[in-house]
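Q: Line by line, the protein sequences are chains V and L. Going by UniProt numbering, the first residue of the first sequence is number 1, and it counts up by one from there. Going by UniProt numbering, the first residue of the second sequence is number 1, and it counts up by one from there. Every residue, glycine too, gets a C-beta built ideally from N, C-alpha and C. Quantities reported herein were computed from a predicted structural model and do not represent experimental measurements.
Protein chains: 2
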Amino acid sequence: MPADDALDPLDAAILRVLATDARATFAQVGARVSLSAPAVKRRVDRLRERGVIRGFTVRLDPGAMGWHTEAFVELFCQGSTSPATMRDAVEQYPEVVAASTVTGDVDLMVQVRARDMRHLERVVERLAAEPFVSRTRSTVVLSALVRRPDVPGGPAQE
Amino acid sequence: MPADDALDPLDAAILRVLATDARATFAQVGARVSLSAPAVKRRVDRLRERGVIRGFTVRLDPGAMGWHTEAFVELFCQGSTSPATMRDAVEQYPEVVAASTVTGDVDLMVQVRARDMRHLERVVERLAAEPFVSRTRSTVVLSALVRRPDVPGGPAQE
DNA sequence: GTTGAAACGTTCATTTT
DNA sequence: AAAATGAACGTTTCAAC
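1) Going by other Cβ atoms of all chains shown within 10 Å of its Cβ, with 16 needed for buried, is Glu130 (chain V) buried or exposed?
2) Can you tell me whether Ala71 (chain L) is helix, strand or coil according to DSSP?
3) Taking CB distances under 8 Å as the criterion, tell me whether Ala128 (chain V) reaches chain L.
4) My assumption, with CB atoms under 8 Å, is that Ala64 (chain V) sits in contact with Val52 (chain L). Please give the rounded CB distance.
5) Which value, in whole angstroms, describes the spacing of the CA atoms of Leu75 (chain L) and Val17 (chain L)?
6) Is there contact between the stretch 133-145 of chain L and the stretch 84-103 of chain V, where contact requires at least three CB pairs shorter than 8 Å?
7) Only counting the same chain, and skipping five residues up and downstream in sequence, which positions put a Cβ closer than 8 Å to that of Thr81 (chain V)?
8) Closer than 7 Å by C-beta to Ile14 (chain L): which residues in its own chain qualify, once you throw out the five before and the five after it? Chain order, please.
9) Determine the extent of the beta strand (DSSP E) in which Leu108 (chain V) is found, giving its start and end residues.
10) Going by DSSP in three states, Val146 (chain V) sits in which element: helix, strand or coil?
11) Less than 7 Å between C-beta atoms, sequence neighbours within five positions excluded: which residues of the same chain meet that for His68 (chain L)?
12) Could you please give me the residues that DSSP links to Leu60 (chain L) through a beta bridge?
13) Go ahead and label Ala19 (chain V) buried or exposed: buried means 16 or more other beta carbons lie within 10 angstroms of its beta carbon, across all protein chains shown.
14) I want to verify the contact list: residues of chain L whose CB lies under 7 Å from the CB of Arg54 (chain V), in sequence order.
15) Pick from V:Arg54, V:Thr85 and V:Arg46: whose alpha carbon is nearest that of Asp11 (chain V)?
16) Given a cut-off of 8 Å on the beta-carbon distance, is the pair Arg113 (chain V) and Glu95 (chain V) in contact?
17) Do Val73 (chain L) and Ser138 (chain L) come within 8 Å of each other at the CB atom, strictly closer than that value?
18) Go ahead and pull the three-state DSSP assignment for Phe76 (chain L).
19) At a CB-CB cut-off below 8 Å, which residues of chain V make contact with Gln96 (chain L)?
20) Could you tell me if Pro38 (chain L) is buried or exposed, where buried requires 16 or more neighbouring beta carbons within 10 angstroms of its beta carbon?
21) Using a threshold of 8 Å, state whether the C-beta atoms of Thr136 (chain L) and Val124 (chain L) are closer than that.
22) Do you know offhand how far Tyr93 (chain V)'s Cα is from Tyr93 (chain L)'s?
23) Against chain V, which members of the stretch 13-40 of chain L pass a CB distance test of less than 7 Å?
24) Check Thr139 (chain L) in the structure and name its three-state DSSP category.
25) Counting only the same chain and skipping the five closest in sequence on each side, list residues whose C-beta sits under 7 Å from that of Ala22 (chain V).
26) Does the beta carbon of Thr81 (chain V) sit closer than 8 Å to a beta carbon anywhere in chain L?
27) Identify the contact partners of Met117 (chain V) in chain L, using a Cβ-Cβ distance below 9 Å as the criterion.
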């Protein structure tokens, strides 16, 4: 059941402010969107209930955390592997930051963060040893040029 | 100048709480890590100053925002293209959520969010028309299996 | 890092548009 | 139906320890 596509312009404005600073007070958000604090709170509560807002998180500098190596690891899987099996396996790795099933010859695209090349190598070896994985192909990130938080009114400015 | 790699265990614990709920009060965070609210605040302030914390943001459900299509678009670029040129070009697209220069035959890996296939197609065409792009290869996401916020003590539990 | 106190934000019931 | 107001309660923030 997909959530409703139509997003209220006021809700979108509130989400844009929260995307920039998720710890802004309701009064501060209200000042930016011309609403009182209680009005902002009620809309935010409603967006959480509707599932539009999944939560609030901190944005960290990966380098400052000691993660100096990032890679896209493409997994070629045996034909009969279900997405659930893939997820259950890949979720065990703390180094996996994202994983998606994809079209094309590759079956699963996995994004990995590791301390260094040596660490990355070990993770790729473990992924390659998963029973349903027939082959892997890794692409190491040289430099992260753009890394944007999800913002309403980007792709879907209707 | 890369930030210090060694992360205080208490700071790591605070960041884990904030990764789960960035709007938690300092008192709530303090209760989880056995610290008073002012102590938590001082540490968070310091983490911001050090650049470990880049900010706080809201996590949204892409589907609820009307973004039903996601893809990895690989860009093959002319040999003399600088990363700065690539970033300047790719940053103009609101549909681009991430972009990284990578090793291998591909030069730039771009992650795109679009309303639908038709919208994605238009974005890929515009990217392909950039002067420094010689060829593109797109991989459409079928389903996002894992999507984790950055959490300390994942890859770098030392 | 903690405590205590003043300023400020949150939250709810109520009133207004 | 949705927003503003005002008051009670909890949080932030800073000085002092």
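A: Looking at the coordinates:
1) Label assigned to Glu130 (chain V): buried.
2) In this structure, Ala71 (chain L) counts as strand in the three-state DSSP scheme.
3) Not an interface residue.
4) Indeed they touch by this definition, with Cβ atoms about 4 Å apart.
5) The straight-line gap from Cα to Cα measures roughly 37 Å.
6) Output reads yes: the stretch 84-103 of chain V touches the stretch 133-145 of chain L.
7) Counting only Cβ-Cβ distances below 8 Å, and skipping sequence neighbours, we find Asp107 and Phe132.
8) Sequence-distant partners of Ile14 (chain L) (beyond 5 residues in either direction) whose C-beta falls short of 7 Å from its own C-beta, in its chain, are Val29, Val33, Val40, Arg43 and Val44.
9) Segment Leu108 to Ala114, the beta strand (DSSP E) holding Leu108 (chain V).
10) Strand, per DSSP.
11) Excluding five sequence positions before and after His68 (chain L), the CB atoms of its chain that fall closer than 7 Å to its own CB belong to Arg115 and Asp116, given in chain order.
12) V:Ile53.
13) The residue is buried, with at least 16 neighbouring Cβ atoms inside 10 Å.
14) The CB of Arg54 (chain V) comes closer than 7 Å to the CB of Arg59, Leu60 and Asp61 in chain L, given here in chain order.
15) Nearest C-alpha to Asp11 (chain V): V:Arg46.
16) At the C-beta level, Arg113 (chain V) and Glu95 (chain V) come within 8 Å of one another.
17) When the beta-carbon positions are compared, Ser138 (chain L) and Val73 (chain L) come within less than 8 Å of each other.
18) Strand at Phe76 (chain L).
19) The identity of residue 96 (chain L) in the sequence shown is Val, whereas the question assumes Gln. Near Val96 (chain L) (Cβ distances below 8 Å), the residues of chain V are Val146 and Arg148.
20) Classification for Pro38 (chain L): exposed.
21) Yes; because the gap between Cβ atoms is below 8 Å, this pair is in contact.
22) Within the model, the alpha-carbon separation for Tyr93 (chain V) versus Tyr93 (chain L) is close to 32 Å.
23) Those residues of the stretch 13-40 of chain L that come within reach of chain V (Cβ to Cβ, closer than 7 Å) are Leu15, Leu18, Ala19, Asp21, Ala22 and Arg23.
24) Here Thr139 (chain L) sits in strand by DSSP.
25) Phe56.
26) Taking Cβ atoms only, chain L never reaches closer than 8 Å to Thr81 (chain V), which makes this a no.
27) One finds nothing in chain L with a Cβ atom closer than 9 Å to the Cβ of Met117 (chain V); even the nearest lies about 11 Å away.
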